[in-house]
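Residue numbers (this note's numbering), protein chains in the order written: chain W, 108 to 203; chain H, 516 to 1001. The beta carbon of each residue, even a glycine, is placed where N, CA and C say it ideally should be.
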């Protein structure tokens, strides 16, 4: 069976998804995703050239609301869930 | 009959007649949880103190027990629904300390109706799974057979209802996560039409598919629970603004004159013979009750698994990008720069199935593969949806099995994700089409495992599938005793 996704591609996708995989996870993931993607080939049995895609099963119009300032969540409560904050901002490690 | 085995409507009768206090009711369930939860692992957290305080408010008369049919009723909530100031983990390490600053709209609605929450239930991590083996806090066991899975992803809710560790529960269904565990555990589970129930405060997995729904001991209870949580909510712009009927009003109407379709693609080779026999028997019962049975075709059924396992992971990969160790949730203690913090937090915080779906979703959305996978799957979704619309030109509802087999053994499919995904073959198409579906017990296998009948209806016709389920249930409920707990 031709490989649909190589180990290098898995590493690249993991990086895009901000997932660091262990060596062992990377190997297993390559194997399993190849297996799953091969099954997805099945969709190519169908001619969908003139079929519009469905992104939502229920047809919806854009929903608008007035652009008004309303009370939001309490700042202190929100920060109580943060791994690190200084009371007015989330604190993160250095970017570089 | 023991208090813990009673349905919501039976408990309500006893409570308003003052034959039973709310405190006694709550204590009964808390005691059941204490006894059985160590074996089942159905609950992740038990809210004993708050539940007893809520009960006292009714018994002392500070709250009116006649406010609603759910007043004073002990319920369990899947741990994917935000409960204010109360742990909401999604069965993930990455949210192990998360206490939401607000309630989900469905939770507010239940609270307003006077329901009492006894605990938050275990699930597959972020609702990704069909066996409840993907929880970071251990697998849930099926109360009918402790060596088997309860189904997933709402396995904790289904097990809690089946084992009488609550009177009813909320679950969520993205591709079958209410219907399949209800079927595996021998209880009733309903996935409403997409848009019927607000998703505000439901931690998102696949936003175009996720719905909240009831898991209950009988059909009337499912109707009661749906009644309270259904309706438009301006905080979920995909909830649909249309009237909510009285779901109990039409339950008593007989099936005479209804056309029920049997989709031939749902009776496939390789299906467990006990499941096939039980569902065929259920179809005969509906015919005897006066329904016209016709054969219909849903020709794209076989493509549902492939389409779903592209679309749902694609949406998940985007939704789960928010878990980055910044605003809430787990952050790695490893040193390094921001990028390293993101990657390490997610590596340590997510389980393998969640990572696999994020990977798959990221891949099918990435440049060069979008058209071949995501766009293709979305087009096939159109075909699957159209299959149902065509079938509903000819019939009022569809009768099918919920799953091709009864509850499987713990560990049986865990290492083969594709086999696990294929077990969802009968529930995924309805999710892709956004139509409502209910699972109702229709027998037991030779190994005494519950089997479920799935009834699917037109968009927003929960009323009709509840009626079919109710009529079927009333005609058959004395035919099989509730299996003993293992």
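In this structure, does DSSP put residue i in helix, strand or coil?
i	result
residue 684 of chain H	strand
residue 146 of chain W	helix
residue 940 of chain H	coil
residue 810 of chain H	strand
residue 985 of chain H	helix
residue 745 of chain H	strand
residue 657 of chain H	strand
residue 560 of chain H	strand
residue 601 of chain H	strand
residue 759 of chain H	coil
residue 819 of chain H	helix
residue 670 of chain H	helix
residue 192 of chain W	strand
residue 915 of chain H	strand
residue 620 of chain H	helix
residue 778 of chain H	strand
residue 596 of chain H	strand
residue 635 of chain H	strand
residue 715 of chain H	coil
residue 578 of chain H	coil
residue 891 of chain H	helix
residue 627 of chain H	helix
residue 663 of chain H	strand
Would you mind reading off the limits of the beta strand (DSSP E) that contains residue i?
i	result
residue 585 of chain H	Residue 585 of chain H -> no beta strand (DSSP E), and no H or E assigned at all.
residue 965 of chain H	965 to 972
residue 704 of chain H	703 to 706
residue 202 of chain W	Neither: residue 202 of chain W is in no beta strand (DSSP E) and is coded neither H nor E.
residue 910 of chain H	Premise fails: residue 910 of chain H is in no beta strand (DSSP E) and is neither H nor E.
residue 526 of chain H	Where residue 526 of chain H is concerned, there is no enclosing beta strand (DSSP E), although the alpha helix (DSSP H) it sits in stretches over 523 to 531.
residue 955 of chain H	952 to 959
With distances taken between CB atoms, is the gap from residue i to residue j smaller than 8 Å?
i	j	result
residue 938 of chain H	residue 918 of chain H	yes
residue 1007 of chain H	residue 584 of chain H	The question about residue 1007 of chain H has no answer, for chain H in this structure spans 516 to 1001.
residue 688 of chain H	residue 667 of chain H	no
residue 673 of chain H	residue 651 of chain H	no
residue 551 of chain H	residue 630 of chain H	no
residue 595 of chain H	residue 573 of chain H	no
residue 703 of chain H	residue 743 of chain H	no
residue 952 of chain H	residue 750 of chain H	no
residue 655 of chain H	residue 563 of chain H	no
Got a sec, what are the start and stop residues for the alpha helix (DSSP H) residue i sits in?
i	result
residue 475 of chain H	An answer regarding residue 475 of chain H cannot be provided, because it is not within the stretch 516 to 1001 covered by chain H.
residue 542 of chain H	537 to 555
residue 726 of chain H	Taken as a continuous stretch (DSSP letters only), residue 726 of chain H belongs to no alpha helix (DSSP H), being part of the beta strand (DSSP E) at 726 to 731.
residue 877 of chain H	867 to 880
residue 858 of chain H	853 to 864
residue 120 of chain W	114 to 123
residue 641 of chain H	First-last for residue 641 of chain H: undefined, no H or E at that position.
residue 185 of chain W	182 to 186
Can you name the residues of chain W whose CB is closer than 9 Å to the CB of residue i?
i	result
residue 596 of chain H	Under the 9 Å cutoff, chain W gives no residues; its nearest Cβ is about 17 Å from residue 596 of chain H.
residue 853 of chain H	199, 200, 201, 202, 203
residue 987 of chain H	What residue 987 of chain H touches in chain W: nothing, since even the nearest Cβ is about 26 Å away.
residue 928 of chain H	Ordered by position in chain W, no residue passes the 9 Å Cβ test against residue 928 of chain H, which lies about 13 Å from the chain.
Using a Cβ cut-off of 7 Å, pull out every chain W residue sitting near residue i, in sequence order please.
i	result
residue 906 of chain H	Per Cβ cutoff of 7 Å: no residues; residue 906 of chain H is ~15 Å from chain W at best.
residue 932 of chain H	139, 143
residue 709 of chain H	164, 165
residue 715 of chain H	In chain order: nothing, as chain W lies at least about 13 Å away.
residue 825 of chain H	147
residue 949 of chain H	164, 165
residue 875 of chain H	140, 143
residue 843 of chain H	188, 189
Identify the contact partners of residue i in chain H, using a Cβ-Cβ distance below 8 Å as the criterion.
i	result
residue 141 of chain W	Residues of chain H passing the Cβ test: none, with the nearest at roughly 11 Å.
What does residue i touch in chain W if you count any residue whose Cβ is under 8 Å from its own?
i	result
residue 943 of chain H	In chain order: nothing, as chain W lies at least about 12 Å away.
residue 832 of chain H	124
residue 846 of chain H	190, 191
residue 973 of chain H	Correct list: empty, because the minimum Cβ distance to chain W is about 12 Å.
residue 871 of chain H	136, 139, 140
Would a check of beta-carbon distances place residue i closer than 8 Å to chain B?
i	result
residue 839 of chain H	Among the protein chains in the structure shown, which are W and H, there is no chain B.
Going along chain H, which residues have a C-beta under 7 Å from residue i?
i	result
residue 149 of chain W	818, 821
residue 127 of chain W	858, 859, 862
For a contact defined as C-beta to C-beta under 9 Å, what are the partners of residue i on chain H?
i	result
residue 130 of chain W	Simply none; closest approach about 12 Å.
Report yes if the C-beta of residue i is less than 7 Å from at least one heavy atom of the ligand MN; otherwise report no.
i	result
residue 128 of chain W	Ligands in the displayed structure: none, and consequently the ligand MN is not present.
- Using a beta-carbon distance cut-off of less than 8 Å, what residues from the segment 153 to 176 of chain W approach chain H? Under the 8 Å Cβ criterion, the segment 153 to 176 of chain W contributes 153, 155, 158, 159, 160, 161, 162, 163, 164, 165, 167, 170, 172.
- Message: Against chain H, which members of the segment 181 to 195 of chain W pass a CB distance test of less than 8 Å?
- Response: Hits within the stretch, in order: 181, 184, 185, 187, 188, 189, 190, 191.
- Give, in chain order, every residue of the segment 596 to 623 of chain H whose Cβ lies closer than 9 Å to some Cβ of chain W. The segment 596 to 623 of chain H vs chain W, Cβ under 9 Å: 600, 612, 613, 614, 615, 616, 617.
- Item | Contacting positions in the segment 721 to 741 of chain H - beta carbon closer than 7 Å to chain W | Flagged, chain order: 723.
- Query: At a Cβ cut of 9 Å, what residues of the segment 878 to 900 of chain H count as close to chain W, listed as they run along the chain?
  - Reply: The residues in question are 878, 879, 881, 887, 888, 889, 890, 891, 892, 893, 894, 895, 896, 897, 898, 899, 900.
- Query: Mind listing which residues of the segment 751 to 779 of chain H have their C-beta closer than 8 Å to chain W's C-betas, in chain order?
  - Reply: Interface annotation for the segment 751 to 779 of chain H against chain W: 752, 753, 755, criterion Cβ-Cβ distance under 8 Å.
- Within 7 Å of chain W by C-beta, residues of the segment 625 to 650 of chain H in sequence order: The residues in question: there are none.
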